[in-house]
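Novice: Below are the structure tokens for one structure; questions will follow.
6 protein chains.
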Amino acid sequence: MFTVTVRDHMMIAHSLRGEVFGPAQRLHGATYIVDVTFRRAELDADGIVVDIGRAAETVRAILVELGYRNLDDEAELAGTNTTTEALARIVADRLADRVLAGELGAGARELDGLVVTLHESHVAWASYERPL
Amino acid sequence: MFTVTVRDHMMIAHSLRGEVFGPAQRLHGATYIVDVTFRRAELDADGIVVDIGRAAETVRAILVELGYRNLDDEAELAGTNTTTEALARIVADRLADRVLAGELGAGARELDGLVVTLHESHVAWASYERPL
Amino acid sequence: MFTVTVRDHMMIAHSLRGEVFGPAQRLHGATYIVDVTFRRAELDADGIVVDIGRAAETVRAILVELGYRNLDDEAELAGTNTTTEALARIVADRLADRVLAGELGAGARELDGLVVTLHESHVAWASYERPL
Amino acid sequence: MFTVTVRDHMMIAHSLRGEVFGPAQRLHGATYIVDVTFRRAELDADGIVVDIGRAAETVRAILVELGYRNLDDEAELAGTNTTTEALARIVADRLADRVLAGELGAGARELDGLVVTLHESHVAWASYERPL
Amino acid sequence: MFTVTVRDHMMIAHSLRGEVFGPAQRLHGATYIVDVTFRRAELDADGIVVDIGRAAETVRAILVELGYRNLDDEAELAGTNTTTEALARIVADRLADRVLAGELGAGARELDGLVVTLHESHVAWASYERPL
Amino acid sequence: MFTVTVRDHMMIAHSLRGEVFGPAQRLHGATYIVDVTFRRAELDADGIVVDIGRAAETVRAILVELGYRNLDDEAELAGTNTTTEALARIVADRLADRVLAGELGAGARELDGLVVTLHESHVAWASYERPL
Chain A
1 MFTVTVRDHM MIAHSLRGEV FGPAQRLHGA TYIVDVTFRR AELDADGIVV DIGRAAETVR
61 AILVELGYRN LDDEAELAGT NTTTEALARI VADRLADRVL AGELGAGARE LDGLVVTLHE
121 SHVAWASYER PL
Chain B
1 MFTVTVRDHM MIAHSLRGEV FGPAQRLHGA TYIVDVTFRR AELDADGIVV DIGRAAETVR
61 AILVELGYRN LDDEAELAGT NTTTEALARI VADRLADRVL AGELGAGARE LDGLVVTLHE
121 SHVAWASYER PL
Chain C
1 MFTVTVRDHM MIAHSLRGEV FGPAQRLHGA TYIVDVTFRR AELDADGIVV DIGRAAETVR
61 AILVELGYRN LDDEAELAGT NTTTEALARI VADRLADRVL AGELGAGARE LDGLVVTLHE
121 SHVAWASYER PL
Chain D
1 MFTVTVRDHM MIAHSLRGEV FGPAQRLHGA TYIVDVTFRR AELDADGIVV DIGRAAETVR
61 AILVELGYRN LDDEAELAGT NTTTEALARI VADRLADRVL AGELGAGARE LDGLVVTLHE
121 SHVAWASYER PL
Chain E
1 MFTVTVRDHM MIAHSLRGEV FGPAQRLHGA TYIVDVTFRR AELDADGIVV DIGRAAETVR
61 AILVELGYRN LDDEAELAGT NTTTEALARI VADRLADRVL AGELGAGARE LDGLVVTLHE
121 SHVAWASYER PL
Chain F
1 MFTVTVRDHM MIAHSLRGEV FGPAQRLHGA TYIVDVTFRR AELDADGIVV DIGRAAETVR
61 AILVELGYRN LDDEAELAGT NTTTEALARI VADRLADRVL AGELGAGARE LDGLVVTLHE
121 SHVAWASYER PL
């Protein structure tokens with residue numbers, strides 16, 4: 001099994017609903033360092049898992065949709081508790097949609113899966129893994 | 001599959017038994033940077049894998065039991081070669097006991113597994129993965 | 001010259017005023033990984049620059065004052081553009097006040113200076129250095 | 001499941017064939033930070049996954065074969081597009097050969113698998129995982 | 001004193017002249033993780049050291065001039081031993097020229113100095129510091 | 001001003017004397033990630049600050065003298081509280097002696113200074129800077 005991972009980041013404001021979150025129930029924010037891993041059983045004819053340039057651009061496009069925003073005000077996220085875990089899934093699902101729509105090229109449809117990891121600090125991170 | 005990871009550390013003295021360990025047979029020590037990963041198929045009603053605050057406190061409690069000690073003198077570890085691999089298992093097993101005892105809340109019993117990674121330096125680390 | 005550095009973090013929301021900030025003029029947020037360096041020409045009688053435990057607690061107290069908040073709503077910061085550079089100075093100045101008030105012990109008044117570095121992502125950080 | 005990982009690096013020149021690589025079709029180079037993970041279900045009698053000293057020496061020997069070279073001129077790599085993914089596999093396969101030849105000791109034949117990760121920068125890395 | 005640092009990278013091939021370099025006299029290559037620090041005594045009216053967006057673009061432009069190339073073939077570097085130290089100076093001097101030419105805005109001429117650090121691996125790096 | 005830095009590590013046991021150290025008064029241990037920085041105003045004829053290979057070997061030799069030991073039992077350290085700060089100075093002073101004795105070559109006597117940083121964990125480190 002082969003993987004390729006690219007790293008990028010986004011900066012957002014949000015608040016979390018639920019007593020379990022303590023002071024994080026207040027409006028605050030986070031930098032998420034975002035690692036996106038593409039998994040594939042065999043390399044393609046160029047010897048790669050995915051066109052890393054297009055992969056990075058697509059990840060960037062998803063993070064631009066979310067970044068420099070107050071996620072509490074985003075209509076698409078209404079009703080979602082935007083925990084680090086939940087955001088990892090949102091990034092992964094949006095990326096899967098783009099891959100399946102051909103944005104990373106026809107070959108990328110042979111990818112086996114994705115893992116998205118969001119680092120919220122140097123001492124805490126969360127990930128979501130899904131098939132493609 | 002979702003994961004959440006928290007990082008902490010402990011500082012211990014110990015010696016290792018066996019020719020394979022060379023100079024590490026002498027009494028020496030280590031800082032272990034400890035990454036604890038909680039795995040779970042679906043998020044709970046709050047949108048999380050685990051209450052990260054309680055998780056961090058529980059990991060801290062386990063590391064306080066071991067840290068700032070000479071592990072060669074700990075009765076509970078008598079007969080154990082306290083390699084990085086073995087210590088990763090000890091931390092994971094002690095954490096599993098606490099999770100199953102309800103220390104992280106009733107919901108944490110739905111966790112699927114744990115991974116504990118101990119970094120002994122910037123160039124070497126070991127991990128132990130177990131179901132819950 | 002000796003230094004000791006401790007690392008901690010805070011998570012805040014804010015917006016920045018000025019065209020130069022582009023999309024960061026919108027309400028967003030950041031995790032700041034905060035490195036605080038204490039400088040001193042000679043070690044004290046215990047062989048240290050500063051009591052690292054008390055230093056870490058004091059840094060923590062300052063970050064709790066700022067963290068899990070929308071800095072745009074903080075009365076004490078009204079009129080301040082809370083850039084990473086400006087926040088580094090705020091943390092350093094608040095820390096200097098506490099050191100001079102004796103919170104780190106009498107010996108800490110012999111510190112020569114402080115450096116506070118705030119990492120806003122894996123690719124950007126800012127620092128402020130001042131004498132004591 | 002237990003793992004042990006050791007980190008080393010190599011510095012090489014190469015060029016990549018295929019339009020997908022853009023400017024990387026020109027002769028350029030890379031530092032690869034190389035993480036080699038050894039997987040094993042149970043620890044051996046010494047309480048370890050593998051003799052970490054011998055493991056590090058063997059990884060070093062493989063990286064010396066490749067490092068400080070222009071990979072475009074290496075007869076053994078003729079016909080191979082030396083992408084980060086492909087190099088991860090070459091390192092893993094050469095290591096597997098050495099393990100199976102007994103270079104890490106008789107016990108190392110009980111290893112379950114290897115993962116080799118090559119970091120080409122702070123924002124991109126690739127890995128190859130194989131059984132033993 | 002305030003500083004702001006941005007991180008980027010470049011990948012190059014080169015060889016080094018002189019017995020002291022051992023195997024690095026052969027054609028090989030490197031990824032350089034490049035940290036550029038801007039120093040300034042006081043913040044400007046926006047509360048910043050430098051427009052970080054323009055700073056990052058300018059650093060990027062300099063690294064594009066050098067990256068994905070065999071430095072042994074660059075006419076501008078003929079006669080220069082392209083050690084990590086020497087490359088740090090080249091990046092710093094080219095950046096200083098652009099700052100003085102107004103590429104980072106008129107205010108950037110009030111910068112006091114630059115530090116450029118090139119990380120050639122996880123265990124070795126070099127820097128060059130100069131006034132502006 | 002130019003600098004070159006090399007990174008290595010050592011693993012030791014020790015205890016600290018003084019109430020300020022709390023639980024660290026017990027016998028425990030540490031991994032120190034050791035960064036050694038060499039400073040020099042101008043590069044030598046080879047375009048370097050120091051022969052990085054010899055520098056790394058010399059640092060290694062000093063760390064071998066200290067590593068895999070209980071520092072409480074070392075005659076040369078009797079009477080020294082082996083805090084991270086104090087150990088940074090010991091490494092720097094031993095290195096300065098070797099540089100002045102010509103171990104890094106005649107040219108290394110033109111070095112202006114050294115900085116030794118010991119990282120005791122991911123959240124705490126200390127350094128000592130001295131002229132040569």
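First to last, the sequence lines map onto chains A, B, C, D, E and F.
Following my numbering, the numbering of the first sequence begins with 1 at its first residue and continues without gaps.
Following my numbering, the numbering of the second sequence begins with 1 at its first residue and continues without gaps.
Following my numbering, the numbering of the third sequence begins with 1 at its first residue and continues without gaps.
Following my numbering, the numbering of the fourth sequence begins with 1 at its first residue and continues without gaps.
Following my numbering, the numbering of the fifth sequence begins with 1 at its first residue and continues without gaps.
Following my numbering, the numbering of the sixth sequence begins with 1 at its first residue and continues without gaps.
C-beta atoms are modelled at their ideal positions from N, C-alpha and C, and glycine is treated no differently.
1) Taking B:T84 as part of the alpha helix (DSSP H), name the residues at either end of that continuous run.
2) Where F:E120 and D:A96 are concerned, what is the direct C-alpha to C-alpha distance, given to the nearest angstrom?
3) What alpha helix (DSSP H) runs, 4 residues minimum, are completely inside the segment 23-68 of chain A?
4) Give the residues of chain F in contact with E:T5, contact being defined as C-beta atoms less than 7 Å apart.
5) Give me the DSSP bridge partner(s) of A:G113.
6) Please classify E:A75: does DSSP put it in a helix, a strand, or coil?
7) Short check: CB of F:T3 to CB of E:S15, under 8 Å?
8) Taking the DSSP output, what are the residues bridged to D:N70?
9) Taking buried to mean at least 16 other C-beta atoms within 10 Å of its own C-beta, is B:L100 buried or exposed?
10) Got a sec: which bits of the segment 25-48 of chain A sit with their beta carbon under 9 Å from any beta carbon on chain C, in order along the chain?
11) Counting only Cβ pairs nearer than 8 Å, list the residues of chain B close to F:Y128.
12) Looking at chain F, is there any beta carbon in it that lies within less than 8 Å of the beta carbon of E:V123?
13) Buried or exposed: D:A108, going by 16 or more other Cβ atoms within 10 Å of its Cβ?
14) Ordered along the chain, which non-local residues of its own chain (more than five positions away) have a Cβ less than 7 Å from that of D:G105?
15) Report the residues of the segment 81-103 of chain A with a CB closer than 7 Å to any CB of chain B, ordered along the chain.
16) Output yes or no for whether 8 Å exceeds the beta carbon distance between A:D93 and A:R40.
17) What residue from B:V123, B:D46, B:V34 and B:T58 has the CA that sits closest to B:G102's CA?
18) Taking Cβ-Cβ distances shorter than 8 Å, what residues in chain F pair up with E:V20?
19) Verify whether the separation of the beta carbon atoms of F:A13 and B:H28 is less than 8 Å.
20) Determine the contact status of B:D35 and B:T117, defining contact as a CB-CB distance below 8 Å.
21) Mark C:A86 as exposed unless 16 or more other C-beta atoms lie within 10 angstroms of its C-beta, in which case mark it buried.
22) Kindly say whether A:R69, judged by its beta-carbon, lies nearer than 8 Å to any beta-carbon of chain C.
23) Residues in its own chain within less than 8 Å of B:M1 by CB, not counting five upstream and five downstream?
24) Using a C-beta cutoff of 8 Å, does D:M11 count as contacting chain B?
25) Would you mind sorting E:G67 into buried or exposed? The rule is 16 or more other CB atoms within 10 Å of its CB.
26) By Cβ distance, which residues of its chain are closer than 6 Å to C:T84, with the 5 residues on each side in sequence left out?
27) For a quick check, are the C-beta atoms of D:E123 and A:V6 less than 8 Å apart?
28) What did DSSP end up calling C:V20 once you bin it into helix, strand or coil?
29) Below 8 Å on the Cβ atoms is my guess for E:R69 versus D:R98; work out the distance and round it to an integer in Å.
30) Just the chain D side, please: which residues come within less than 8 Å of E:P131 by C-beta, in chain order?
31) Whose C-beta lies closer than 6 Å to the C-beta of D:T37 among residues of the same chain, with five residues either side of it excluded?
32) Contact criterion: CB-CB distance below 8 Å. Does B:E120 meet it with respect to chain F?
33) Is the beta carbon of C:N81 sitting closer than 8 Å to the one on C:R130?
34) Exposed or buried, D:A24, counting other C-beta atoms within 10 Å across all chains shown (16 or more means buried)?
35) Out of curiosity, what's the CA-to-CA distance linking C:E110 and C:R60?
Specialist: In short, the structure shows the following:
1) B:T84: member of the alpha helix (DSSP H) spanning T84 to L100, first to last residue.
2) Cα-Cα distance, rounded: 35 Å.
3) Listed in chain order, they are 52-66.
4) Residues of chain F passing the Cβ test: none, with the nearest at roughly 15 Å.
5) According to DSSP, A:G113 bridges with A:R39 and A:P131.
6) Correct three-state label for E:A75: helix.
7) In this structure, F:T3 lies away from E:S15, with their beta-carbon atoms at least 8 Å apart.
8) Partner(s): D:A13.
9) Answer is exposed; the Cβ neighbour count stays below 16.
10) Considering only beta carbons, the part of the segment 25-48 of chain A lying closer than 9 Å to chain C consists of Q25, R26, L27, H28, G29, A30, T31, Y32 and I33, in chain order.
11) Contacts between F:Y128 and chain B, judged by CB atoms closer than 8 Å, are missing: the closest CB pair is about 19 Å apart.
12) Chain F, which has a Cβ nearer than 8 Å to the Cβ of E:V123, makes this yes.
13) With 16 or more Cβ atoms within 10 Å of its Cβ, D:A108 is classed as buried.
14) Contacts found: D51 and R54.
15) Answer set for the segment 81-103 of chain A: N81, T83, E85 and A86.
16) Annotated as distal: A:D93 and A:R40, with beta-carbon spacing of 8 Å or more.
17) Residue B:T58 is the option with its Cα nearest to B:G102.
18) Among the residues of chain F, those whose CB is under 8 Å from the CB of E:V20 are D46, I48, D51 and G53, following chain order.
19) Here F:A13 is near B:H28, since their CB atoms are less than 8 Å apart.
20) B:D35 is a Cβ neighbour of B:T117, given a cutoff of 8 Å.
21) Under this definition C:A86 is a buried residue.
22) A:R69 counts as touching chain C.
23) Counting only Cβ-Cβ distances below 8 Å, and skipping sequence neighbours, we find R39, R40, A41 and D112.
24) No, because no Cβ of chain B sits closer than 8 Å to the Cβ of D:M11.
25) By the neighbour-count criterion, in which a residue is buried when 16 or more other Cβ atoms sit within 10 angstroms of its Cβ, E:G67 is buried.
26) Once the five neighbours on either side are set aside, the close Cβ partners of C:T84 are L118, E120 and A126.
27) Per the sequence shown, the amino acid found at residue 123 of chain D is Val instead of Glu. Going by C-beta atoms, D:V123 is nearer than 8 Å to A:V6.
28) C:V20 falls in the helix class under three-state DSSP.
29) With a Cβ gap of about 35 Å, E:R69 and D:R98 do not count as contacting.
30) Those within 8 Å of E:P131 in chain D number zero; the least Cβ separation is about 28 Å.
31) Within its own chain, the residues whose Cβ lies closer than 6 Å to the Cβ of D:T37, once the five positions on either side in sequence are excluded, are T3, T5 and V115, listed in chain order.
32) Taking 8 Å as the threshold, the shortest C-beta distance from B:E120 to chain F falls below it.
33) C:N81 is not a Cβ neighbour of C:R130, given a cutoff of 8 Å.
34) Buried: at least 16 other Cβ atoms inside 10 Å.
35) Cα to Cα, C:E110 sits roughly 22 Å from C:R60.
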